[in-house]
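Asks: Okay, here's the structure, questions in a sec.
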Amino acid sequence: MFNVYEFRWQARDRFGQKQSGKQLAESTQQLEQRLQQQGFSHIRIQRNFVLPQQPKSSEITQFLQQFALLTNATIPLKLSLTMLLENCQNSKIYLWLRAVIQQLENGFSLAQSFENTGKFLTQQEIQLIKIGEQSGELNKILSNITQSRQRSEQLNKKLKKILFYPIMILFISISLSVLLLLFIVPKFAELYDAKNRELPLMTKILFYLSDFLQHHFIALLISIISLSLLLYFISKKTQILTRLKAQILSILPLFKQIHLQARLVFFCYNCGLMLQAHLRLDSVLDSFISAKNNDPILSPELSKTLARLKQGYRLSDCLPAHLFPNEILQMIKVGEQSGKLAEMLLQVSEIYRQKLEYQIDLLSQMLEPLLMLVIGFIVGTILIGLYLPIFDMGAMIE
Numbered sequence: 000m001f002n003v004y005e006f007r008w009q010a011r012d013r014f015g016q017k018q019s020g021k022q023l024a025e026s027t028q029q030l031e032q033r034l035q036q037q038g039f040s041h042i043r044i045q046r047n048f049v050l051p052q053q054p055k056s057s058e059i060t061q062f063l064q065q066f067a068l069l070t071n072a073t074i075p076l077k078l079s080l081t082m083l084l085e086n087c088q089n090s091k092i093y094l095w096l097r098a099v100i101q102q103l104e105n106g107f108s109l110a111q112s113f114e115n116t117g118k119f120l121t122q123q124e125i126q127l128i129k130i131g132e133q134s135g136e137l138n139k140i141l142s143n144i145t146q147s148r149q150r151s152e153q154l155n156k157k158l159k160k161i162l163f164y165p166i167m168i169l170f171i172s173i174s175l176s177v178l179l180l181l182f183i184v185p186k187f188a189e190l191y192d193a194k195n196r197e198l199p200l201m202t203k204i205l206f207y208l209s210d211f212l213q214h215h216f217i218a219l220l221i222s223i224i225s226l227s228l229l230l231y232f233i234s235k236k237t238q239i240l241t242r243l244k245a246q247i248l249s250i251l252p253l254f255k256q257i258h259l260q261a262r263l264v265f266f267c268y269n270c271g272l273m274l275q276a277h278l279r280l281d282s283v284l285d286s287f288i289s290a291k292n293n294d295p296i297l298s299p300e301l302s303k304t305l306a307r308l309k310q311g312y313r314l315s316d317c318l319p320a321h322l323f324p325n326e327i328l329q330m331i332k333v334g335e336q337s338g339k340l341a342e343m344l345l346q347v348s349e350i351y352r353q354k355l356e357y358q359i360d361l362l363s364q365m366l367e368p369l370l371m372l373v374i375g376f377i378v379g380t381i382l383i384g385l386y387l388p389i390f391d392m393g394a395m396i397e
């Protein structure tokens, strides 16, 4: 088992200029030797104490992109990985690459090494790398994987950007409502209690909520924080929340179509890439089913599809109609008949990627007025509830 630490270093380069930086290494001696090989002298090294961070998807994509460039330059695999390891800034990726290099030294292929240390690559990506090694087109396969990941990340960034705004607005609305219930509503409650008048139902509900919050606010806050932390740790350890989120998004009217199209783009593009790399269709489908982070909605359907495929049916006849629109099934059927299924799937993924981007842009335009209505409804309900008794001024003024 390897240990890796982050170090801060200062040194002088070949021209006597002061240089400094941060770097990962297994020991100060290893880092010092590495810096000396780069021509540095008068080296001072100090260890940083930082918590290991889970690598982002973009960091894995960057690694694959750099790896593709190095393999394209005909640099040996082990040397390429060592170069990337020495410039790695994430301790978990460093340990992963260190384990992959050790697997290569033990005689395993690159795909087997990634599979044995499998953490950050999907089953589809490992299958593609395996084909790339066998066909001698590893650099091309790595470039295709990188392109696929970049496309997915761009779509995810767009979705996160769209979701960030409504979440912020919702948070502000709830915070404003809580502040009103804690500090403003009690003042009105005192005023109306002094008048001894029968209050409207809406006002009574507001006063009840205000009283409940005043007496249980700390307990509620602790409960919300505890639940958030619990859900965070559950999401890191299991796929329960991921599956639940996928099922909820598949039901919500605003997000249902976007989620469906994102699933179609992912499946068609990756399936097309793997078929283009001459993988068997049953192996392609199996890679989607056996993946650790598989789609909780798509995977069970693909299991049924694979079973029918083994019985001799065509792919276009096996795919579930409620997930794959009729036009896609027809295009897949044409691809099967013409012997160009891989090209057809890639074309379908491009068409639906453009549709998906349009849907995302449309959603971003729709959300703003909807959120304004939500804020207006929440704040307006509180204000109306507070001022309803005042509308009957004759009854209130004695």
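Read in numbering that gives the first Met the number 0, the sequence shown has 11 at position 12, and its numbers run on one by one without any break.
No residue lacks a Cβ here, since even glycine has one placed at the ideal position from N, Cα and C.
(1) Would you grab the beta carbon distance between Gln53 and Lys91 for me? Rounded to a whole angstrom, and I think it's under 8 Å.
(2) Does the segment 257-271 touch the segment 345-354, meaning 3 or more C-beta pairs lie closer than 8 Å?
(3) DSSP puts Ser40 in a beta bridge; with which residues?
(4) Determine the burial state of Ala24: buried for a count of at least 16 other Cβ atoms within 10 Å of its Cβ, exposed for fewer.
(5) Please determine, among Gln28, Met343, Val3 and Ser40, the residue with the shortest C-alpha to C-alpha distance to Gln16.
(6) Looking at the structure shown, is Asn325 part of a helix, part of a strand, or coil, going by DSSP?
(7) Please classify Asp294: is it buried, with 16 or more other beta-carbons within 10 angstroms of its beta-carbon, or exposed?
(8) With Lys21 as the anchor, note down where its beta strand (DSSP E) starts and where it stops.
(9) Using CA atoms only, rank isn't needed, just tell me which of Asn86, Pro252, Gln28 and Lys55 is closest to Gly20.
(10) Cα-Cα, which of Gln126, Ser108, Asn138 and Gln122 is closest to Ala67?
(11) Where do the ends of the alpha helix (DSSP H) carrying His258 lie?
(12) Glu136 by DSSP, collapsed to three states: which one?
(13) If you follow the alpha helix (DSSP H) that Phe107 is part of, which residue opens it and which one closes it?
(14) Cα separation between Leu120 and Leu301?
(15) Taking Cβ positions, are Gln335 and Arg313 nearer each other than 7 Å?
(16) Using only alpha-carbon positions, find the residue among Leu322, Ser282 and Gln358 that is nearest to Leu308.
(17) Closer than 8 Å is the cut-off here; do at least three beta carbon pairs connect the segment 241-260 with the segment 224-232?
(18) How long is the line joining the alpha carbons of Asn2 and Phe163, rounded to whole angstroms?
(19) Three-state secondary structure (DSSP) at Ile389?
(20) In terms of residues, what are the limits of the alpha helix (DSSP H) holding Glu197?
(21) Would the segment 126-138 count as touching the segment 268-278 if we require 3 or more Cβ pairs under 8 Å?
(22) How close, in whole Å, do the beta carbons of Thr59 and Thr81 come, if the pair is a contact with beta carbons under 8 Å?
(23) In whole angstroms, give me the CA-to-CA distance for Phe216 and Ile383.
(24) Kindly indicate which three-state DSSP category Phe119 falls into: helix, strand or coil?
(25) Count the other CB atoms within 10 Å of the CB of Met273; is the residue buried (16 or more) or exposed (fewer)?
(26) Name, in chain order, the residues that DSSP records as bridge partners for Asn47.
(27) What whole-angstrom Cβ distance do Leu83 and Leu96 have, given they're in contact under 8 Å?
(28) With a 10 Å radius around its C-beta and 16 neighbouring C-beta atoms as the bar for buried, classify Ala341 as buried or exposed.
(29) Identify whether Thr73 lies in helix, strand or coil by the three-state DSSP scheme.
(30) Considering only their Cβ atoms, is the gap separating Ile161 from Ser298 smaller than 7 Å?
(31) Is it the case that the segment 199-210 contacts the segment 164-175, given that we only count it when at least three CB pairs across the two stretches are under 8 Å?
Replies: Straight from the coordinates:
(1) The beta carbons of Gln53 and Lys91 sit about 7 Å from each other, so the pair counts as a contact at 8 Å.
(2) The segment 345-354 vs the segment 257-271: in contact.
(3) According to DSSP, Ser40 bridges with Arg11.
(4) Ala24 sits buried, since 16 or more C-beta atoms from the chains shown fall within 10 Å of its C-beta.
(5) It is Ser40.
(6) Helix at Asn325.
(7) When all chains shown are included, Asp294 counts as buried.
(8) Lys17 to Ala24 is the span of the beta strand (DSSP E), which, as asked, contains Lys21.
(9) Of Asn86, Pro252, Gln28 and Lys55, the smallest CA-CA separation from Gly20 is found for Asn86.
(10) Nearest option by C-alpha distance: Asn138.
(11) His258 -> alpha helix (DSSP H) spans Pro252 to Gln275.
(12) Residue state, collapsed to three classes: coil.
(13) Note, Phe107: premise wrong, no alpha helix (DSSP H); not H, not E.
(14) About 20 Å.
(15) The identity of residue 335 in the sequence shown is Glu, whereas the question assumes Gln. Between Glu335 and Arg313, the C-beta gap is smaller than 7 Å, which places the two residues in contact.
(16) The shortest C-alpha separation from Leu308 is found at Ser282.
(17) Verdict: no, contact absent.
(18) So the two alpha carbons sit approximately 37 Å from each other.
(19) DSSP places Ile389 within a helical segment (H, G or I) once states are collapsed to three.
(20) First-last for Glu197: undefined, no H or E at that position.
(21) Touching, yes, given that three or more Cβ pairs across the two stretches are closer than 8 Å.
(22) Thr is not the amino acid found at residue 59; the sequence shown has Ile there. A Cβ-Cβ distance of about 18 Å is found for the pair Ile59 and Thr81, leaving them out of contact under the 8 Å criterion.
(23) When only Cα atoms are considered, Phe216 and Ile383 end up about 24 Å apart.
(24) In the structure shown, Phe119 sits in coil (DSSP, three-state: anything other than H, G, I, E or B).
(25) With 16 or more other Cβ atoms within 10 Å, it is buried.
(26) Asn47 pairs with Glu5.
(27) The beta-carbon separation of Leu83 and Leu96, rounded to 6 Å, stays under the 8 Å limit for a contact.
(28) Result: buried.
(29) Three-state DSSP puts Thr73 in coil, outside helix and strand.
(30) No. Outside cutoff.
(31) No, because fewer than three Cβ pairs between the segment 164-175 and the segment 199-210 fall closer than 8 Å, the two stretches do not touch.
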